[in-house]
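Here's the structure we're looking at; comments come further down.
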Amino acid sequence: MTTVVHDVVELEDRYQLATYKKMPIVVERGKDAWIYASDGRKYLDLYGGHAVAATGHCHPHVVAAIREQTEKLMFYSNLVYSETRARAAEKLLSVAPGRFSQVFFTNSGTESNENAMRMARLTTGRPNIITFSGGFHGRTADAISATFLGKYRDLGKPNVPGHLQAEFGGIETVRALADDTVAAIMLEPVQSMAGVRMAPPEFYKALRELSDERGIVLIYDEIQTGIGRTGEWFFAGSTAGNGVVPDILTLAKALGSGIPVGACLVTRDIAAHIRENDLGTTFGGGMIAMSAVRATIEAIEKDNMLENVAGVGKYLFKRLRELPDVVEVRGLGFLIGIEFSEPVGPLHQALLERQVITGTSGNSNVLRLLPPLCLKRQDVDLFLTELRAAASDLGR
Ligand code: PLP
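Structure representation (C-alpha cells):
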C-alpha cells in the first residue's frame, strides 16, 4: 500500500524531534542531480542533502559496490584486516597530496575533527586550538567548542577549554595567539556555512609558515571542500590555497556518496606520534562504508567529474555574475555563495515552489549551492530560468 504524503509528514513530525525546519517534500528516489518526490514531482537538487550527494543520487557504480559488499560482509571492526578497507585507504591516499601517508576512518565530520584535534594535542603535548570567526566544525563537545559561527558554540556550553578565536583572513590575529600552548590551527579553508567566505591565497601560506615556525599542527577541515567540490580533489595543494598542504585533513559528507563515513588524513610526522589505543571507533572503517569510499572516488574519476565541476562551475559563476540583483558570487567550483542585497528566505522558498532545491547559510543574504558534481550545463540553464522566474514571482 502506498502511504499518502500527508501521513508521512504527520508521522515524522509526531515521532521525530523537531530539530529541523523541513522542506515540505517527501523524497522517494533520486538520480544524478534530481530528486523525485512521492507526489510525482521532480526537483533539481542544488544542495545535495548538505553537500553529501557528490556523485549524484544513486550513482550506479556506487550502488553496485555497496550491494556487492552487503552480500559478502556488512561489517567487521578495525580488529581484523579487510581487503575492502585496505583498498579504500589506498584509493583515498592515491588522490590526496603526497604529504599524506595514512588515514583514520570515522563516521562523520564532527568525529573526524574531534580526532584531528586529539592527534594535534598528542603530537605537540600542548592543549590549545586556534580556530576562526565564522568557522563551523561540528556539534560534538570539542568540535562545537572550536566553532565560532553564530549560536552554535553556546549550544555546547560548558565548552571544552583551550579554544582560541582568530579572525578569518587576519594573520596578525593568529600570530598574536600562536604561543607555545597552541597545538593546532584548524580552519575550513572556504567557510561554507558562514556564507561561502574565502581568504586571500597569501593567508594560507602565512598560516603554513607560522605553523612550521612555532611547531603547530595545521588542520584543514575539508568536510565540505574535499572530494572534488572545488574542481580539484582537495583545497589542500590547490592554486586557490597557494599550494599549501596541512598536516591533517578531515573529510566526511561526499566521501561515501551518502553512506556515513569520515576520515582524517595525516602526514608521516603526525602518524609517528599516534600509538595503539590513542584513537578508536566501533563503526569507522566498516566494510559498507569502505566500499562506498572507493566506489565514490572511482565514480568521480570514471565520469571526469572534476573536469565537469571546473567547466560547469565556471559557466555558472559567469552567468550568476551577470544577474542584476546579485551583489557578489563567491566560492570555488560547486561550492557557491550568491549574495543578494536582501534576505534570501523568500527566494529560497519561491525556488522550492518551482522545484529547485537550494541552500541558505549563516548569512541571511546568501543563497548557497552545493550541487552534485555531475550537474550539467542544461541543469544550470534551467536553474537560471527558474531563478529569474522566482525573483519575478516575488515582484523583483
Ligand atoms: N565541518 C564542516 C565544514 C561542516 O560543514 C560540517 C557539517 O556541516 C561538519 C564539520 C560536521 O559534520 P557532521 O555533520 O558530519 O558531523
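Numbered per my numbering, the sequence shown spans residues 256 to 651. Yeah, the Cβ is synthetic: ideal placement off N, Cα and C, and Gly gets one too. Predicted model, so just to flag it, every value in this text is computed and none were measured.
- For arginine 394, the CB falls within less than 8 Å of some heavy atom of the ligand PLP.
- Within the DSSP bridge table, the entry for phenylalanine 359 names Cys519 as partners.
- Judged by their CB atoms, valine 500 and alanine 491 are nearer to each other than the 9 Å cut-off.
- Leucine 419 is bridged by DSSP to Ile385.
- Per the DSSP secondary-structure output, arginine 623 pairs in a beta bridge with Gly592, Gly614.
- Taking C-alpha positions only, lysine 412 is separated from threonine 613 by approximately 31 Å.
- Taking every protein chain shown into account, the CB of valine 472 has 16 or more other CB atoms within 10 angstroms, so this residue is buried.
- At a cut-off of 8 Å, the beta-carbon of serine 616 does not count as near the ligand PLP: no heavy atom of the ligand is closer than that.
- Excluding sequence positions up to five before and after glycine 481, its CB lies within less than 6 Å of the CB of Phe489, Leu506, all in the same chain and listed in chain order.
- In this structure, the CA atom of lysine 276 is about 12 Å from the CA atom of threonine 615.
- Per DSSP, glycine 566 is one residue of the alpha helix (DSSP H) stretching across 560–576.
- Taking all protein chains shown into account, asparagine 618 has 16 or more neighbouring C-beta atoms within 10 Å of its C-beta and is therefore buried.
- By the beta-carbon neighbour count (other beta carbons within 10 angstroms, threshold 16), glutamate 323 is exposed.
- Here threonine 436 carries a coil assignment [DSSP, helix/strand/coil].
- Here the stretch 565–578 makes no contact with the stretch 367–383; the two share fewer than three CB pairs at distances below 8 Å.
- Unbroken alpha helix (DSSP H) runs of no fewer than 4 residues, entirely contained in the stretch 433–510, are found at 456–469, following chain order.
- With respect to threonine 522, serine 356 sits close: the two C-beta atoms are nearer than 9 Å.
- At a Cβ-Cβ threshold of 9 Å, aspartate 648 and glutamate 597 do not count as neighbours.
- DSSP places phenylalanine 403 within a strand segment (E or B) once states are collapsed to three.
- Here valine 564 is near leucine 628, since their CB atoms are less than 9 Å apart.
- Per DSSP, glutamate 597 is not a residue of any beta strand (DSSP E), being assigned neither H nor E.
- The beta-carbon separation of glycine 539 and threonine 386, rounded to 23 Å, does not stay under the 8 Å limit for a contact.
- The beta-carbon distance between leucine 624 and valine 567, rounded to whole angstroms, is 11 Å. This is too long to meet the 8 Å contact definition.
- Taken through DSSP and simplified to helix, strand or coil, histidine 316 comes out as helix.
- For isoleucine 384, the distance from the CB to the nearest heavy atom of the ligand PLP is not below 8 Å.
- The shortest CA-to-CA distance from glutamine 479 to any of Asp558, Ile591, Lys569 is the one to Ile591.
- For the pair of segments examined, the stretch 403–412 was found not to touch the stretch 452–463: the number of CB pairs separated by less than 8 Å stays below three.
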